[in-house]
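Participant:
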Amino acid sequence: MRISLYLPAQQKVALLAGIGATGCITALSFLSSHSDALWLMAPFGATMVILFGLPASPLAQPRNVIAGHLITAALGLMVAHFFGVHEWTLGLAVGLSIVAMMLTHTIHPPAGANPLLIMLAGEHWHFLITPVASGALLIVGFGYVYHRFVSGQPYPKQWF
939 MRISLYLPAQ
949 QKVALLAGIG
959 ATGCITALSF
969 LSSHSDALWL
979 MAPFGATMVI
989 LFGLPASPLA
999 QPRNVIAGHL
1009 ITAALGLMVA
1019 HFFGVHEWTL
1029 GLAVGLSIVA
1039 MMLTHTIHPP
1049 AGANPLLIML
1059 AGEHWHFLIT
1069 PVASGALLIV
1079 GFGYVYHRFV
1089 SGQPYPKQWF
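Here's what the structure looks like:
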């Protein structure tokens, strides 16, 4: 049951992307508000742009969204744990994140913000589970269902 809107194609795609992002962030926010777990973090807003605006992009594929967020978050936590938070370690964590995503073929630009968020907020290892892993998994699942049943755009192009 796809939404049928009588709009020019570009406007329809843009509106559906906005609706998808609205629904996904609202779901994450609702889960955060009604549980003891954190489900939402700022980089997920940028993930919405790619997942709902450019679902065919390699950057929007589940492997990139999930692994990109997990790898960069883990690196931010490791750098903070072993070296502390300083000007140079912030740069190091982002640089290592880019290297790791490129070498593992999991580039997801919004995930590049994870080390900064984690280090500047003083997050701990549990942050890797919630919101990073749980949120990324929910985002991919939501994107799959949304594109399959609402937007009509094929997603994903490749799972892992």
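Numbering (the numbering used here), first residue to last: 939 to 1098. Just so you know, even glycine gets a beta-carbon here, dropped at the ideal spot from N, CA and C.
Let's test the definition: count the other Cβ atoms within 10 Å of the Cβ of MET1040 and tell me whether it reaches 16, buried, or not, exposed.
Facilitator: exposed
Participant: Tell me, please, whether the region 1005-1021 touches the region 1087-1094 by the rule of three or more beta-carbon pairs shorter than 8 Å.
Facilitator: no
Participant: How about LEU1075 and ALA1011: are their beta carbons less than 8 Å apart?
Facilitator: no
Participant: Check whether the Cβ atoms of THR985 and ILE1045 lie closer than 8 Å to each other.
Facilitator: Cβ distance not < 8 Å, so THR985 and ILE1045 don't count as in contact.
Participant: What number of angstroms, rounded off, separates the C-alpha of GLY1060 from the C-alpha of GLY1033?
Facilitator: 19 Å
Participant: Within the region 945-986, note down every full alpha helix (DSSP H) run reaching 4 residues or more, in order along the chain.
Facilitator: For the region 945-986, whole alpha helix (DSSP H) runs of length 4 or above, ordered along the chain, are 947-971.
Participant: When burial is assigned at 16 or more other CB atoms within 10 Å of the CB, is PHE1098 buried or exposed?
Facilitator: Exposed.
Participant: Helix, strand or coil for GLN1096? Go by DSSP, reduced to three states.
Facilitator: coil
Participant: Here's the rule I'm using: 16 or more other beta-carbon atoms within 10 Å means buried, otherwise exposed. How should VAL1037 be labelled?
Facilitator: exposed
Participant: Measure from the alpha carbon of MET1057 to the alpha carbon of each residue in VAL1083, ALA1071, GLY1081, LEU1013, then state which is nearest.
Facilitator: For MET1057, the nearest C-alpha among the options comes from LEU1013.
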